[in-house]
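Enquirer:
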Amino acid sequence: MRAAAASMPMGLRTGIFLLSFVGFGTKAGIVPFHLWLPKAHPIAPSPVSALMSAVMLKTAIYGFVRFTFDFLGGGPAWWGYVVLLAGAVTGLLGILYALTEHDMKRLLAYSSVENIGIIYLGLGAALVFMANNAPVWATVALVAALLHALNHSLFKSLLFLGAGAIADATHTLDIEMLGGLLKRMRVTGTVFLIGCCSIIGLPLFNGFVGEWMLFRSFVAGSELPGILSAIVLPLMAGVLALIGGIAAACFAKLYGIAFLGRPRSLDAERAAEVAASMQAAMALLAAACVVIGILPGIVLNPLTVLARELLHTPALPEAVLPIAHTLPWIAACVAVLAIAAAGIRRIKRTVPTWACGLPALNSRMQYSSAAFSKPLRKVFSRVYEADRTVEVLYTQQPYFPKSILYRSVRTTSFEKSLYRPAVDAVVGMASRLRRLQTGNMQVYLLYIFLAVIALLVFMRFA
Amino acid sequence: MNPAIDLIQSLLLVAIAPLVSGVIARLKAQMQNRRGASVLRPYADLLKLFRKHDMAPDTASWLFRFAPAALFAVTVTAAAFVPVLHASALFGVGGDFILLVYLLAFGRFFLMLGAMDGGSSFGGLGASREALVSALAEAPLLLALTSVAILTHSISVAGIVLFTLQQHPFQLSAVFVFALGALVLVAIAETGRIPVDNPSSHLELTMIHEAMVLEYSGASLALIEWASSIKLTLILALLIGVFAPWGMAAGASLVALALAPLFFALKLAALTIAIAVLESSIAKLRMYQVPDFLGMASALAILAVAFTALMR
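Protein chains in written order, with numbering that gives the first Met the number 0: chain A, 0 to 461; chain B, 0 to 311.
1) When you check each C-beta in the segment 126-145 of chain B against every C-beta of chain A, which residues fall closer than 7 Å?
2) On the CB-based measure, 16 or more other CB atoms within 10 Å of its CB, does A/Tyr405 come out buried or exposed?
3) Per the DSSP calculation, A/Thr349 is bridged to which residue(s)?
4) Check whether the Cβ of B/Asp196 lies closer than 8 Å to any Cβ atom in chain A.
5) Just checking, does the segment 173-184 of chain B make contact with the segment 283-296 of chain B on the three C-beta pairs under 8 Å criterion?
6) Which of the three DSSP states is assigned to B/Ala36 in this structure?
7) So, with DSSP's three-state summary, where would you put B/Ile239?
8) Ignore the nearest five residues each way along the sequence and tell me which others in B/Gly35's own chain have a CB closer than 7 Å to its CB.
9) Helix, strand or coil for A/Arg185? Go by DSSP, reduced to three states.
10) Going by C-alpha to C-alpha distance, which of B/His152, B/Leu124 and B/Thr232 sits closest to A/Ser367?
11) Leaving aside the five residues before and after A/Val135 along the sequence, list all residues of the same chain whose C-beta is less than 6 Å from its C-beta, in chain order.
12) Helix or strand or just coil, what does DSSP make of A/Ala35?
13) Of all the residues that make up the segment 358-387 of chain A, which are near chain B by a beta-carbon distance shorter than 9 Å?
14) Can you tell me which of the three DSSP states B/Asp196 falls into?
15) Closest Cβ-Cβ distance between B/His52 and chain A: below 8 Å?
16) So that I know if they touch, is there some Cβ in chain D lying closer than 8 Å to that of A/Arg263?
17) State buried or exposed for A/Trp35, treating a residue as buried only when at least 16 other CB atoms are found within 10 Å of its CB.
18) So if DSSP puts B/Trp245 in a beta bridge, which residue, or which two residues, is it bridged to?
19) Any contact of the segment 71-82 of chain B with the segment 333-342 of chain A, i.e. 3+ C-beta pairs under 8 Å?
20) So, is B/Pro56 buried or exposed, given that buried needs 16 or more other C-beta atoms within 10 angstroms?
21) Assuming B/Leu233 contacts B/Val38 (C-beta within less than 8 Å), just tell me the rounded distance between them.
22) Among all the DSSP beta bridges, which residues are the ones paired with A/Arg387?
23) Three-state secondary structure (DSSP) at A/Ser197?
24) Establish whether the CB of B/Val241 and some CB of chain A are separated by less than 8 Å.
25) Mind checking which residues open and close the alpha helix (DSSP H) that includes B/Gln29?
26) Which residues, in chain order, does the segment 125-138 of chain A contribute to contact with chain B at a C-beta distance below 7 Å?
27) Buried or exposed for A/Gln396, going by 16 or more other Cβ atoms inside 10 Å?
28) Which one of A/Pro41, A/Leu145, A/Val54 and A/Thr189 has the shortest CA to CA distance from A/Leu302?
29) The ligand PLP heavy atoms versus the CB of A/Ser6: any closer than 7 Å?
30) Chain A partners of B/Leu124, CB-CB under 7 Å?
31) So what does DSSP say about B/Ser216, is it helix, strand or coil?
32) Under 8 Å Cβ to Cβ from B/Lys266, same chain only, skipping five residues before and after it: list those, please.
33) Are the segment 122-139 of chain A and the segment 188-195 of chain A in contact at 8 Å, needing three or more beta carbon pairs?
34) What residues match up with B/His85 in a beta bridge as DSSP calls it?
35) Can you tell me the Cβ-Cβ gap for A/Ser362 and A/Arg261, rounded? I've got them flagged as a contact below 8 Å.
36) Can you tell me which residues form a DSSP beta bridge with B/Ser155?
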């Protein structure tokens with residue numbers, strides 16, 4: 000196939016690229032082909048959701064890498080910009096949609112969309128580097144994409160299994176009904192925290208290593224001769240940082256609301272730790288996240304061999320090597336300081352939370368998930384165009400309503416703006432064609448007769 | 000180069016951090032016609048807090064007491080990235096700006112979680128606002144540092160400082176102007192100063208950082224306060240190092256090394272005066288004007304990056 004691809008005309012190669020981009024992109028869930036993903040992933044049982052995010056999405060990445068890098072061997076720079084743009088839009092919209100979700104598994108599914116966006120940023124950068132004859136940096140970007148794909152499968156499986164454990168313990172995935180779970184499910188809570196730290200790319204966890212390599216390759220984009228790539232690639236570092244910043248807000252919300260503070264329902268209050276086998280599965284994944292985060296060399300080396308074989312490049316540039324040596328030292332430094340700081344001798348006391356002098360606080364006085372994400376939703380209101388309804392039920396006095404119901408629904412959707420018109424057009428045309436179907440036998444015989452005449456005429460002159 | 004010098008300058012940064020906070024508070028007080036507390040007051044406060052009972056809400060988990068320790072640990076580690084007296088750092092080669100930005104994000108994430116563990120509405124309020132500011136501040140911070148890294152051909156903080164140090168002050172690229180503008184705006188947001196956040200405010204409508212630490216007391220509070228002042232000093236040292244490192248020692252010359260603290264103190268004093276003047280003369284922005292403020296920082300940072308390509 001490689002040999003055949005090399006002798007193909009450019010138009011055919013472009014066609015193959017675009018079709019594989021859309022085809023595998025639909026499977027991977029890039030915007031606007033992501034519609035199915037947040038609907039399909041949360042429905043499955045949690046271990047299956049974990050597999051869907053960890054393995055099935057990656058098969059699409061594998062297919063796209065095989066077609067674009069292996070069979071076609073890269074292409075003109077605009078292929079790379081198309082992939083970069085898809086990655087940037089997918090990453091930003093994915094995390095912005097995730098931010099508004101209150102259902103744990105739907106939030107995680109949208110976050111998968113975001114992570115696929117980050118992987119596509121790496122693939123796009125690799126294509127741009129290849130087109131600009133910088134194969135060494137293309138290797139770095141490709142390794143970054145592959146590494147992030149591997150990391151995503153680890154931490155997303157961990158988080159989906161964690162969501163499964165929560166569903167098992169509390170019978171709900173609505174984080175507005177949870178809270179205080181870290182105290183009741185210590186192991187699940189701790190490993191879920193490791194998953195959250197990994198997914199937002201904090202140093203010493205695996206998510207950071209892939210994003211670091213991606214940042215490094217974007218900075219190296221400034222060395223390319225073309226003015227466009229020298230501006231676009233470094234600016235992508237800003238896009239990745241914005242995605243990372245919103246992801247941090249999103250997962251602070253998820254973890255803070257579900258695991259910290261006071262329980263918001265009786266089910267959450269009565270939650271108990273799940274079976275040891277479930278804990279062990281999550282702990283294994285969490286351990287992998289931490290080990291890769293501190294000693295990235297163990298996965299970087301095999302991935303580099305893989306990427307170099309795909310791109311036929313000699314070795315990684317010197318500039319990316321220090322990170323693997325620095326992270327263990329950073330880890331040691333942070334660990335020693337944190338242990339020292341946590342070990343300071345002090346008299347610990349447990350007291351009720353200060354309630355401004357009132358008798359006691361209850362769980363409804365805490366910030367809710369909707370309240371937490373409100374500032375960011377307001378800033379990005381153009382993305383959501385939320386439809387808000389407020390229903391206030393008064394008793395007698397106008398200042399003390401009995402209940403307030405607030406609902407805010409996102410009204411923007413690709414389903415409505417992109418797919419619905421296309422579906423409507425097809426259905427409309429079909430209903431117009433239905434006029435042919437009169438229900439009159441003679442008319443149908445006339446159709447057959449006319450068809451036979453037409454065929455005879457066609458055969459006579461063809 | 001010399002690990003002993005690097006260790007000393009990192010420790011110096013950690014040690015003088017409360018003094019910087021004290022000086023700013025004193026200068027502000029004097030500008031507002033008050034006498035103000037001694038500049039050493041933050042040290043006394045820390046000492047007092049370390050001796051006091053460390054109280055945790057009954058709803059809180061282990062994370063509540065761990066969060067301040069984690070915040071302190073990553074902030075001190077980040078301090079080992081920034082040259083102060085000598086153009087090198089403990090994490091010299093590997094201590095790049097991406098790692099620095101994400102180490103600060105690490106601390107912020109744990110502080111947000113610790114705040115939400117308190118179980119009151121204030122913690123969530125502070126964390127939610129902090130999430131807004133930090134989500135929008137990360138991109139301009141990283142982009143501005145990217146533009147500087149591109150110009151200096153180095154991603155490590157010490158490398159950037161060393162390169163600038165070897166340039167003539169008036170030969171710097173115009174990119175530095177944009178990058179400086181972006182970084183100053185982000186630094187204000189990152190360190191929670193006016194006009195983004197008021198460090199001395201306890202008003203529900205305005206507080207960000209103070210709302211997050213409301214439930215903390217004793218040693219935990221001391222660690223958080225110390226970490227915040229380290230972060231402030233670290234960012235000031237970063238601004239000095241990246242944009243005006245002259246006077247810093249580069250070789251092994253003892254004379255240069257002896258003069259370096261003097262230069263650093265002068266530049267730090269200038270920055271603290273600037274902060275005090277700024278905080279005394281302008282009002283805090285409304286919460287929803289902060290995104291515009293950070294949007295301006297982002298625009299400057301994008302210009303800085305674009306100009307690195309256009310001006311080469």
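Cβ atoms here follow ideal geometry from the backbone N, Cα and C, with glycine treated the same way.
Just so it is clear, the structure is predicted and the values come from calculations on it, not from any experiment.
Expert: Here's the rundown:
1) Listed by position, the residues of the segment 126-145 of chain B near chain A (Cβ gap below 7 Å) are Ala126, Ser127, Arg128, Ala130, Leu131, Ser133, Ala134, Leu135, Glu137, Ala138, Leu141, Leu142 and Thr145.
2) The residue given as residue 405 of chain A occupies position 406 in the first sequence. Exposed, because fewer than 16 other Cβ atoms sit within 10 Å of the Cβ of A/Tyr405.
3) The count along the first sequence starts at 1 and reaches residue 349 of chain A at position 350. Its beta-bridge partners are B/Ala55.
4) For this step, residue 196 of chain B is matched to residue 197 along the second sequence. Chain A contact via Cβ: absent.
5) Judged by Cβ distances under 8 Å, the segment 173-184 of chain B makes contact with the segment 283-296 of chain B, as three or more pairs qualify.
6) Your numbering for residue 36 of chain B matches position 37 in the second sequence. It is coil, neither helix nor strand.
7) For this step, residue 239 of chain B is matched to residue 240 along the second sequence. In the structure shown, B/Ile239 adopts helical secondary structure according to DSSP, grouped into three states.
8) Counting from one through the second sequence, the residue named residue 35 of chain B turns up at place 36. Non-local C-beta neighbours of B/Gly35 in its own chain, meaning closer than 7 Å and more than five positions away in sequence, comprise Ala24, Arg25, Ala28 and Gln29, ordered along the chain.
9) Residue mapping note: residue 185 of chain A aligns to position 186 of the first sequence, counting from 1. In the structure shown, A/Arg185 sits in a helix (DSSP, three-state: H, G or I).
10) By 1-based counting over the first sequence, the position of residue 367 of chain A is 368. Of the candidates B/His152, B/Leu124 and B/Thr232, the one whose C-alpha sits nearest the C-alpha of A/Ser367 is B/Leu124.
11) Residue 135 of chain A sits at position 136 when you count from the first residue of the first sequence. Only Thr312 and Pro316 meet the Cβ criterion.
12) One-based indexing of the first sequence puts residue 35 of chain A at position 36. Residue identity check: residue 35 of chain A is Trp in the sequence provided, not Ala. Reduced to three states, the DSSP call for A/Trp35 is coil.
13) Those residues of the segment 358-387 of chain A that come within reach of chain B (Cβ to Cβ, closer than 9 Å) are Leu360, Ser362, Met364, Gln365, Tyr366, Ser367, Ala370, Phe371, Ser372, Lys373, Pro374, Leu375, Lys377 and Val378.
14) Here residue 196 of chain B refers to the residue found at position 197 of the second sequence. Per DSSP, reduced to three states, the secondary structure at B/Asp196 is coil, with no helix or strand assignment.
15) For the purposes of this step, residue 52 of chain B is taken as the residue at position 53 of the second sequence. At least one chain A Cβ lies under 8 Å of B/His52.
16) Structure shown: chain D not included; protein chains present are A and B.
17) Stepping through the first sequence from its first residue, residue 35 of chain A is reached at position 36. Around the C-beta of A/Trp35, fewer than 16 other C-beta atoms lie within 10 Å, and the residue is accordingly described as exposed.
18) Counted from its first residue, the second sequence places residue 245 of chain B at position 246. B/Trp245 is bridged to B/Met247.
19) Between the segment 71-82 of chain B and the segment 333-342 of chain A, the count of C-beta pairs closer than 8 Å reaches three or more; the two stretches touch.
20) Residue 56 of chain B sits at position 57 when you count from the first residue of the second sequence. Buried, since its Cβ has 16 or more Cβ neighbours within 10 Å.
21) Walking along the second sequence from the start, residue 233 of chain B turns up at place 234. Walking along the second sequence from the start, residue 38 of chain B turns up at place 39. Actually they are not in contact, since the Cβ atoms of B/Leu233 and B/Val38 sit about 19 Å apart, beyond 8 Å.
22) The residue given as residue 387 of chain A occupies position 388 in the first sequence. Residue pairing by DSSP places A/Arg387 opposite A/Ser407 in a beta bridge.
23) The residue given as residue 197 of chain A occupies position 198 in the first sequence. The three-state secondary structure of A/Ser197, taken from DSSP, is helix.
24) Position 242 of the second sequence, counted from the start, is the residue given in the question as residue 241 of chain B. No, because no Cβ of chain A sits closer than 8 Å to the Cβ of B/Val241.
25) Along the second sequence, read from residue 1 onward, the residue named residue 29 of chain B stands at position 30. B/Gln29: member of the alpha helix (DSSP H) spanning Pro2 to Met30, first to last residue.
26) So nothing in the stretch comes that close.
27) Position 397 of the first sequence, counting from 1, holds the residue named residue 396 of chain A. Per the 10 Å Cβ criterion, exposed.
28) If you number the first sequence from 1, residue 302 of chain A lands on position 303. The option with the nearest alpha carbon to A/Leu302 is A/Leu145.
29) This structure simply doesn't include the ligand PLP, nor any ligand for that matter.
30) Along the second sequence, read from residue 1 onward, the residue named residue 124 of chain B stands at position 125. The answer, in chain order, is Tyr366.
31) If you number the second sequence from 1, residue 216 of chain B lands on position 217. Secondary structure at B/Ser216: coil, using DSSP grouped into helix, strand and coil.
32) As a working note, residue 266 of chain B is residue 267 in the second sequence. Within the same chain, B/Lys266 has close Cβ partners Ile239, Ala243 and Gly246.
33) Judged by Cβ distances under 8 Å, the segment 122-139 of chain A makes no contact with the segment 188-195 of chain A, as fewer than three pairs qualify.
34) In the second sequence, counting from the first residue as 1, residue 85 of chain B sits at position 86. DSSP lists B/Ala248 as partners of B/His85.
35) As a first step, residue 362 of chain A is located in the first sequence; it is residue number 363 there, counting from the start. As a first step, residue 261 of chain A is located in the first sequence; it is residue number 262 there, counting from the start. Indeed they touch by this definition, with Cβ atoms about 4 Å apart.
36) Start at 1 with the first residue of the second sequence, and residue 155 of chain B comes out as number 156. Paired residues: B/Asp95.
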